[in-house]
Amino acid sequence: MPDPYINAVAQLDSVKKYIDAPGNLFDQLKTPEHIIRKSISVQMDNGSKKTFVAFRLQHNSARGPYKGGIRFHPQVNEAEMKALSMLMTWKCAVVDIPFGGGKGGIVVDPKSLSEKELERLSRSYMKTFAPYFGAWKDIPAPDVNTNAQIMAWMLDEYIKIQNSKFKIQDDESPYAVLTGKPVELGGSQGREEATGFGGAIVLEQIAKKLKLKRQYTTVAIQGFGNVGYWFAYFADQAGFKVVAASDSKGAIFVPKGMNPELTLAGKKEQGTIAGNYCVGSVCDVKLGKTLAEEDLLQLKVDILVPAALEGSIHKGNAGKVQARTVIEMANAPVTPEADVVLQKKGVLIVPDILSNAGGVTTSYFEWSQNLSGASWKKEVVLQKLREVMETSFDAVWSVSKENNIDLRSAAYVLAVRRVLDAMRLRGTQ
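Reminder that position 238 of the sequence shown reads as 303 in the working numbering, one-by-one numbering, no gaps.
Right, dumping it as structure tokens:
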């Protein structure tokens, strides 16, 4: 399997020719500022102790405190954390929010833990890494296999630690040290739908640039979890024709257009998205038909939205993609080799660091609300997010046209320039 960090550095190097910066300054971007690796000991329900390896990578703080999720997964490793923390730096910069990149994780299969063990693991992570976190230092968030409940446990542990050291003063807001929290504990309205909503705004902008009529623009979405569902919902609300979607058990294709809300209700009831249109082996083809998930990627649609796993479009299937535009809603769903194939075919690719940045942007809104003591209504949050996504898309599009480069390269050029500008101003060269 390709080293994700090597891929991340290669992507960075590929845009160097478009950026005016001394080599030594540019090369600083390839290495994280801090690599923190710890062993965490947790008591299991049977009374035994188990040790887990945990990480926090802090890539770049030139534009502000580090920002990035904490994931619980058996395949967490240092190379992955280095790559993902770097990508967070670019993601924050491309949407112009005042953060740098960070990423954390624990090598664990959370499904093997009881709820109490999961809570103890989450609290132990915060106990171990609390000195590295802070509202103006490093602000973690949920990621793979972590959620608002885990953030709540970590927040509670952080507050206990700070209180024990008499570090929380009247002018400090410990709630701003984590984002993706439950609304009851300072989380932001609109956070649940933010990533999908931001992607749908990108879809609207693409339609404007390419002069597509929404009602005739067909969309296929791989993945119907939180991001995929909300993308489908807002795309449908905006008048686009969502004709296909998939989950891990299969896919459906509905040429006349599907109803995302009813599809989600059917999935919850039957356990799979395909069950909405099929009973046993008999399918109502008037409504739609089932497909293998791989077949969804090959549909002749206007817009393909990979919103599931990393590397789902690879050199083995990229040649079969018939969509004219790919909007990356998962992280790194198109491999570097597949990217080359798609570019040669003339496929327009909107990169993940732009199209799925709605999540981290709304985390910024949550952080801002926590620091100011405000609580914005969902409509306010989504309107602010719309403005950020539209402005960011236009900026990336302009860089693409000015330099005659693809959108991924343009997004990197824009982001790297912003980070380097901050480094120059701070005198960190």
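Every residue gets a Cβ at the ideal spot worked out from N, C-alpha and C, and that includes glycine.
Contacts around residue i, its chain only, beta-carbon distance under 6 Å, and the 5 residues preceding and following it disregarded
i	result
Val350	Reliability of the predicted coordinates at Val350 is poor, the pLDDT of 44 falling under 50, and the value obtained from them is presented with this limitation in mind. Contacts found: none.
Ser346	Only weak support is given to the placement of Ser346: the predicted model assigns it a pLDDT of 45, under 50, and the value that follows is read from those uncertain coordinates. If we look at Ser346 and ignore the five residues flanking it on each side, it has no Cβ neighbours.
Leu504	This structure does not reach residue 504, given that the chain is present from 66 up to 494, and the question cannot be answered.
Gln270	Phe458
Val478	Val80, Tyr83, Val464
Trp201	Pro130
Residues bridged to residue i [DSSP beta-bridge criterion]
i	result
Pro401	Answer by DSSP bridge pairing: none, since Pro401 is not bridged.
Gln108	Lys114
Arg121	Ile101, Gly169
Leu369	Ala285, Val391
Ala265	Note: Ala265 sits in no beta bridge, so no partner.
Residue i CB to nearest heavy atom of the ligand ZN below 8 Å
i	result
Lys181	This structure lacks the ligand ZN, and indeed carries no ligand of any kind.
Residue i - containing beta strand (DSSP E), residue span
i	result
Asn188	One point to set straight first is that residue 188 is Arg, not Asn, in the sequence displayed. It is not in any beta strand (DSSP E) - Arg188 instead sits in the alpha helix (DSSP H) that spans 180 to 194.
Ile414	413 to 415
Gly165	165 to 172
Ser311	306 to 312
Thr355	354 to 356
Ala206	203 to 207
Tyr131	131 to 138
Under 9 Å between C-beta atoms of residue i and residue j
i	j	result
Phe137	Val425	no
Ala206	Met216	yes
Gly166	Ala213	no
Tyr298	Pro325	yes
Val366	Val284	yes
Ser457	Asp110	no
Gly169	Gly199	no
Ile100	Val118	no
Glu359	Asn382	yes
Ala73	Leu152	yes
Val308	Leu364	yes
Phe91	Leu485	yes
Phe430	Val415	no
Val107	Glu182	yes
Leu413	Ser238	no
Val464	Leu77	no
Ala397	Phe289	no
Asn125	Pro97	yes
Lys306	Gly331	no
Same chain, Cβ closer than 7 Å to residue i, five either side skipped, listed in chain order
i	result
Lys274	Trp462
Glu222	Arg188, Met191, Lys192
Pro69	Ala144, Glu145, Ala148
Lys156	Ile418, Ala422, Val425
Ser420	Gly264, Val267, Ile392, Glu393, Met394
Glu184	Trp218
The alpha helix (DSSP H) enclosing residue i, as first and last residue numbers
i	result
Leu472	472 to 491
Phe318	From DSSP, Phe318 is part of no alpha helix (DSSP H) but of the beta strand (DSSP E) over 315 to 318.
Gln254	No alpha helix (DSSP H) holds Gln254; DSSP gives it neither H nor E.
Supposed contact pair residue j and residue i - C-beta distance, whole angstroms, cut 8 Å
i	j	result
Gly261	Tyr294	7 Å
Gln287	Val370	7 Å
Ile418	Val159	5 Å
Arg279	Gly252	The Cβ separation is near 32 Å, so there is no contact.
Ile266	Arg473	Rounded, the Cβ-Cβ distance is 18 Å, inconsistent with contact.
Pro87	Ile204	At roughly 30 Å, the Cβ-Cβ gap does not stay under 8 Å, so Pro87 and Ile204 are not in contact.
Ala403	Ile368	With a Cβ gap of about 17 Å, Ala403 and Ile368 do not count as contacting.
Own chain partners of residue i with C-beta closer than 8 Å, once the 5 adjacent residues on each side are dropped
i	result
Ser440	Gln254, Gln434
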